[in-house]
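Numbering (UniProt numbering), first residue to last: 1 to 218.
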């Protein structure tokens, strides 16, 4: 996934060989089976929010082609790169080379990743709400004193539905902020819409992000 989210699906120039389904492993494997998808640069929101943090263990949820994981690893983070697509994880590990990046293939809901982490990065994630465990699992992966960075594009929900993606089925920035604000165990550091400038890759059509960063206090 990564820079990654299915929001960028309808900016493809070529028709997909597999019908779009954000829940489908086959869809995501098909996405990462051909030419490079994204710009190859780390997401600016991640760079802005994480540059001042001391490195530790990081989880990159929806690693895509690995630009974020590589950027973190070069700055001293020990990175676990998670994606539902084995092709995406392979590309991430190839990009990382000898850097401290471990790949895990699986959906966020089902993958066994060993936390807690000092940073959990969710850049345009596709995390289903079904089962009611999305937030408890995400929250539990962040160590006390650690950071959660959760970012999505600012898009029209009806436009998303017209392209086969129902935002009500997935964890959103608004839901994350609502839960964080009601929990004394968290402190919200960033909650804002921000201009975004990307000129290359499939995500170049999106110009605004909702950026959330929070610190887990206990």
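Glycine included, every Cβ here is placed at the ideal spot set by N, Cα and C.
The region 30-40 makes contact with the region 84-91: 3 or more CB pairs, one atom from each, lie closer than 8 Å. The criterion of a C-beta distance shorter than 8 Å is not satisfied by residue 31 and residue 145. In this structure, the CA atom of residue 168 is about 25 Å from the CA atom of residue 189. Note that the C-beta distance between residue 138 and residue 50 is not below 8 Å. According to the DSSP secondary-structure assignment, residue 213 is paired through a beta bridge with 149 and 190.
Residue environment: residue 73 is assigned as buried (16 or more neighbouring CB atoms within 10 Å of its CB, all protein chains considered). Residue pairing from DSSP places residue 128 in a beta bridge opposite 170.
In the three-state scheme derived from DSSP, where H, G and I count as helix and E and B as strand, residue 207 is classed as coil. Exclusion of the five residues before and after residue 179 leaves 135 as the residues of its chain whose Cβ lies within less than 6 Å of its Cβ. Contact annotation: residue 42 and residue 77 have beta-carbon atoms that are not nearer than 8 Å. By the Cβ test, the region 93-105 is not in contact with the region 148-162, since fewer than three Cβ pairs between them sit closer than 8 Å.
Residue environment: residue 79 is assigned as buried (16 or more neighbouring CB atoms within 10 Å of its CB, all protein chains considered).
Distance between residue 117 and residue 143, taken at the CA atoms: about 5 Å. Residue 82 places its beta carbon less than 8 Å from that of residue 63.
Check the Cα spacing between residue 127 and each of 68, 110 and 183: the tightest is with 110.
Counting the other Cβ atoms within 10 Å of the Cβ of residue 184 gives fewer than 16, which makes it exposed. DSSP places residue 154 outside any beta strand (DSSP E), giving it a letter other than H or E.
For residue 121, the enclosing beta strand (DSSP E) stretches over residues 117-123.
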